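Here's the structure, in structure tokens; my notes come after.
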Amino acid sequence: MDFVATKFSDFLTYTGFANVEVANIIMIAVGAFFIWLAIKKDFEPLLLIPIGLGIILGNIPFKAAGLEIGLYEDNSVLNIFYQGVRQGWYPPLVFLGIGAMTDFGALIANPKLMLIGAAAQFGIFGAYMIALAMGFEPNQAAGIAIIGGADGPTAIFLSSKLSPNLMGAIAVCAYSYMALVPVLQPMVMKMLTTKAQRRIKMKSPRQVSQTEKMLFPIVGLLITTFIVPSGLPLLGMLFFGNLLKESTKTTRLAKTAGSALNDIVVMLLGLTVGCSTQASEFLTLDTIKIFALGAFAFIIATASGVIFVHVMNLFLSKDNKINPLIGNAGVSAVPMAARISQNEGLKADSHNYLLMHAMGPNVAGVIGSAVAAGVLLGFLS
Amino acid sequence: MKKLLSIISLFAVAISMSAQGAHDFRINEVFVLGCPKQCPMTAADDSGYVSPSMLKSCPKPEFYVDEYGEPASWIEIENTSYTTHDLRNCFITTDRAVLDKSMSAPDREQLMSLIPAGDPRTLISGKQRLTFFTGHRNRGTLHTTDVIRLKAGEPNWIAIYDGNAVDLLDSVTVPALKPGQTYARLSDGTYQVCEASEATPNAPNQEYHNDKIREFKEKDPHGFAMTLMCMAVVFTCLAILFLFFQGFGLIIAKMVNKVAKPVVQPVVNASERVVEAAKQASIETKGIPMETYTAVIGLALHEYFGGTHDIESGILTINPHPTAWADKSHELRQIPQHHIQTPKK
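Here the protein sequences line up with chains Y and X, keeping their order. Going from the first sequence to my numbering is simple: count from 1 and add 1. Going from the second sequence to my numbering is simple: count from 1 and add 3.
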């Protein structure tokens with residue numbers, strides 16, 4: 002009988018109830034809140050559901066007894082999944098999927114829109130300067146600032162290289178703000194535009210030949226990676242995925258990259274990023290600072306995109322003016338940012354369809370943020 | 004032709020692969036066993052070799068010991084690449100006679116110490132090091148044969164050779180070192196004499212610190228320079244792409260215009276014919292203007308003959324594809340039928 006009692010009391014010490022701390026409860030509540038946002042408010046459910054459940058999973062309290070179950074324990078299943086984040090495999094695979102799903106046609110039809118994608122990257126560097134002022138080290142500041150690119154995989158890739166101890170907070174912050182793009186961006190867009198400017202109707206983009214579409218990933222890859230070789234993993238996979246799509250000879254591979262493979266990676270990425278936010282690592286003052294910086298980064302990125310369109314319009318003829326509402330799409334949240342341009346355009350004029358125009362800077366933003374990440378990595382690693 | 008191209012490609016890949024690897028090994032640090040000359044307890048033999056047993060009796064020895072606790076000279080080899088490479092079957096030598104190119108490979112091997120295969124320790128990860136003690140081969144892989152002799156108090160030449168004993172991978176002439184000193188390679192490829200306290204067997208020769216981060220912290224505390232440089236690079240990348248596709252788009256547009264002219268004419272004619280045919284036809288319009296009918300038929304014909312709709316940029320199209328799941332013939336919804344068999348008479 003003593004034997005049973007001893008073993009049972011020993012078992013009780015292993016349960017979550019015996020090991021729970023207030024911090025665990027807070028993080029589980031955060032995870033549940035993310036899931037609620039995804040299901041009830043429809044905020045990026047594909048990202049927030051895996052991350053939300055991951056946060057809960059990563060904060061289930063247990064006794065550290067070498068059972069190889071925790072994310073940070075060698076050889077545990079979660080640890081094996083986590084290697085994709087820690088060693089940076091997942092972000093390039095996600096970029097492969099993005100490339101396979103992206104139509105660069107809108108960008109090729111009106112190449113000057115690429116410059117908007119470049120201008121919006123100022124969000125990254127604006128946040129970098131603020132992060133330095135807040136006392137972060139240059140490598141940490143760069144890891145945090147990349148949130149301004151509005152690109153989750155890029156943020157994970159760069160922070161895993163430059164500031165691995167902040168990666169969990171940075172990843173959750175990046176994805177959270179991407180989900181909050183519909184809340185953050187319209188406010189800034191309205192502030193920086195007049196009603197007349199929001200009504201500007203843009204010319205329909207010209208038809209793009211298949212040759213141009215096939216050429217784009219090859220030329221894009223050569224130009225960007227020759228200038229920034231440190232962005233090779235992301236840019237290489239992005240353009241590889243796009244070439245699979247546009248070559249018209251590898252449709253099957255493009256479909257797999259853009260659907261099944263991408264879904265698998267997103268699931269594992271979201272889950273393990275969520276898991277990595279263990280209370281002891283996550284509930285710190287730095288996390289609060291990172292969330293504040295993330296908001297600044299998104300606002301600066303949106304504002305710089307819109308302001309740059311105003312500057313471009315000074316040099317364009319009356320018939321070729323660009324609607325400044327597509328400036329927000331320079332961040333690489335594809336296609337959310339473009340969708341916001343469309344919605345705001347329709348609010349100003351119910352016949353003004355900006356979606357295809359906004360897709361140009363939007364996909365340029367993907368390239369721009371990957372280039373920016375490569376430059377930061379080159380300078381600081 | 005395809006086979007030939009494939010073989011050439013494979014050959015090119017093989018050459019590029021063999022070009023990496025062993026050539027990344029460098030002699031990273033050398034320690035020559037010695038003892039203060041004034042020490043009465045020890046003396047070098049004619050070749051300058053000080054035996055460990057002699058050094059044991061030295062009252063103030065300045066040396067490092069192997070895994071058996073015996074003092075020994077050592078040679079540290081570093082894999083300077085970022086990839087794991089195996090040092091097995093390579094050779095270490097201290098005899099300059101091997102520089103004679105007319106010497107045969109077997110003769111060379113007599114003057115060299117082979118690094119044996121079969122020991123996982125010779126697999127050196129990127130930027131990692133492995134230290135070999137001189138002499139006592141019977142103590143394991145990390146000991147050289149007795150042909151390797153480092154002479155105290157005079158310069159020593161050390162080289163590592165590839166598995167064929169002919170290709171020189173790296174060599175260094177170590178100056179005469181004082182007891183306890185080592186000769187270490189720095190990150191810029193130069194060598195310097197280090198005092199005993201600075202020797203780092205199996206460890207980097209310099210303390211690791213990220214100079215880049217420190218430099219940015221000191222010289223660009225507010226991030227202005229970083230912002231300027233990064234934005235310039237991002238703009239340059241996308242501006243080059245913009246210029247390329249702007250120019251390329253113009254060329255394509257010109258080409259399309261040239262080619263399209265004869266093609267356009269029949270389409271226009273066809274449309275005109277449709278309009279004429281529609282006007283002449285007595286279609287019941289049910290209040291809808293005849294022009295609408297004409298436009299719909301014209302558009303349908305245009306898409307049918309043009310065949311461009313599915314690859315038109317910026318237009319999302321859902322094409323129904325019959326699959327085994329959607330095929331009506333595979334559905335289990337067929338009305339059951341009673342097959343009444345009439346009894347045979």
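No residue lacks a Cβ here, since even glycine has one placed at the ideal position from N, Cα and C. Predicted model only: the values in this text are computed from it and were never measured.
So which residues of chain X does residue i contact, with C-beta pairs closer than 7 Å?
i: residue 176 of chain Y; result: Within 7 Å Cβ-Cβ: nothing; residue 176 of chain Y doesn't reach chain X, min ~23 Å.
i: residue 139 of chain Y; result: 216, 219, 220
i: residue 365 of chain Y; result: 241
i: residue 377 of chain Y; result: 233
Below 9 Å on C-beta distance, what does residue i contact in chain Y?
i: residue 207 of chain X; result: The premise fails here: residue 207 of chain X is roughly 17 Å from chain Y at the closest Cβ pair, so nothing lies under 9 Å.
i: residue 249 of chain X; result: 112, 113
List the residues of chain X whose Cβ lies closer than 8 Å to the Cβ of residue i, in chain order.
i: residue 225 of chain Y; result: 240, 244
i: residue 126 of chain Y; result: 226, 229, 230, 233, 234
i: residue 380 of chain Y; result: 215, 219, 229, 232, 233
i: residue 368 of chain Y; result: 240, 241, 244
i: residue 210 of chain Y; result: 255, 259
Chain Y partners of residue i, CB-CB under 7 Å?
i: residue 96 of chain X; result: Per Cβ cutoff of 7 Å: no residues; residue 96 of chain X is ~37 Å from chain Y at best.
State the beta-bridge partners of residue i as determined by DSSP.
i: residue 159 of chain X; result: X:177
i: residue 195 of chain X; result: X:187
i: residue 79 of chain X; result: X:32, X:134
i: residue 164 of chain X; result: X:94, X:171
i: residue 89 of chain X; result: X:126
i: residue 115 of chain X; result: X:96
i: residue 74 of chain X; result: X:68
i: residue 146 of chain X; result: X:136
Below 8 Å on the Cβ atoms is my guess for residue i versus residue j; work out the distance and round it to an integer in Å.
i: residue 225 of chain X; j: residue 133 of chain Y; result: 6 Å
i: residue 76 of chain X; j: residue 137 of chain X; result: 4 Å
i: residue 251 of chain X; j: residue 213 of chain Y; result: 7 Å
i: residue 186 of chain X; j: residue 33 of chain X; result: 5 Å
i: residue 128 of chain X; j: residue 82 of chain X; result: 7 Å
i: residue 269 of chain Y; j: residue 73 of chain Y; result: Going by Cβ atoms, the distance from residue 269 of chain Y to residue 73 of chain Y rounds to 16 Å, so no, they are not a contact pair.
i: residue 130 of chain Y; j: residue 230 of chain X; result: 6 Å
i: residue 80 of chain Y; j: residue 279 of chain Y; result: The Cβ separation is near 13 Å, so there is no contact.
i: residue 78 of chain X; j: residue 132 of chain X; result: Not confirmed; about 11 Å, so no contact.
i: residue 120 of chain Y; j: residue 306 of chain Y; result: 6 Å
i: residue 236 of chain X; j: residue 367 of chain Y; result: Residue 236 of chain X to residue 367 of chain Y, Cβ: 16 Å. No contact.
i: residue 151 of chain Y; j: residue 128 of chain Y; result: Their Cβ separation, rounded to whole angstroms, is 11 Å, which puts residue 151 of chain Y and residue 128 of chain Y out of contact at 8 Å.
i: residue 330 of chain Y; j: residue 339 of chain Y; result: 5 Å
i: residue 117 of chain Y; j: residue 365 of chain Y; result: 7 Å
i: residue 192 of chain Y; j: residue 277 of chain Y; result: With 8 Å as the limit, residue 192 of chain Y and residue 277 of chain Y do not qualify as a contact, their Cβ atoms being about 36 Å apart.
i: residue 187 of chain Y; j: residue 22 of chain Y; result: Not quite, the Cβ-Cβ distance comes to about 40 Å (not below 8 Å), so this is no contact.
i: residue 53 of chain Y; j: residue 36 of chain Y; result: 4 Å
Please list, in chain order, the chain Y residues whose beta carbon lies closer than 8 Å to that of residue i.
i: residue 225 of chain X; result: 130, 133, 134
i: residue 30 of chain X; result: Neighbours of residue 30 of chain X on chain Y: none; closest Cβ ~27 Å, over 8 Å.
Interface residues of chain X around residue i at Cβ under 9 Å?
i: residue 373 of chain Y; result: 233, 234, 236, 237
Would you mind telling me which residues of chain A sit closer than 8 Å to residue i, beta carbon to beta carbon, in chain order?
i: residue 213 of chain Y; result: Going by chain labels, chain A is absent from the structure shown, which instead holds the protein chains Y and X.
Practice task
Identify each residue in the stretch 314–348 of chain Y for which the Cβ-Cβ distance to at least one residue of chain X is less than 9 Å, and report them in chain order.
Solution key: none
Practice task
Quick one: which residues of the stretch 103–137 of chain X get their C-beta closer than 7 Å to a C-beta of chain Y? List them in chain order.
Solution key: none
Problem - Contact residues within the stretch 106–122 of chain Y, judged by C-beta distance below 7 Å to chain X - result: 106, 107, 109, 110, 112, 113, 115, 116, 118, 119, 122
Exercise for the section: May I ask you to list, following chain order, the residues of the stretch 220–248 of chain Y that have a beta carbon less than 7 Å from some beta carbon of chain X? Expected result: 220, 221, 224, 225, 228, 229
Problem - Secondary structure, alpha helix (DSSP H): runs of 4+ residues fully inside the stretch 128–170 of chain Y - result: 139–146, 153–163
Handout entry: Contained alpha helix (DSSP H) runs [length at least 4] in the stretch 212–257 of chain Y, N- to C-terminal order
Key = Listed in chain order, the complete alpha helix (DSSP H) runs (minimum 4 residues) inside the stretch 212–257 of chain Y are 233–247, 252–257.
Handout entry: Proximal residues, the stretch 162–191 of chain Y versus chain X, C-beta separation under 7 Å
Key = Against chain X - using a Cβ distance shorter than 7 Å - the stretch 162–191 of chain Y contributes no residues.
Exercise for the section: Ignoring anything shorter than 4 residues or poking outside the stretch 180–214 of chain Y, list the alpha helix (DSSP H) runs there in chain order. Expected result: 182–192, 196–199
Handout entry: Ordered list of alpha helix (DSSP H) runs contained in the stretch 86–117 of chain Y, each at least 4 residues
Key = 91–102, 106–110
Handout entry: Completely contained beta strand (DSSP E) runs for the stretch 6–61 of chain Y, where each covers 3 or more residues
Key = none
Handout entry: Runs of beta strand (DSSP E) lying entirely within the stretch 309–346 of chain Y, each at least 3 residues, in chain order
Key = none
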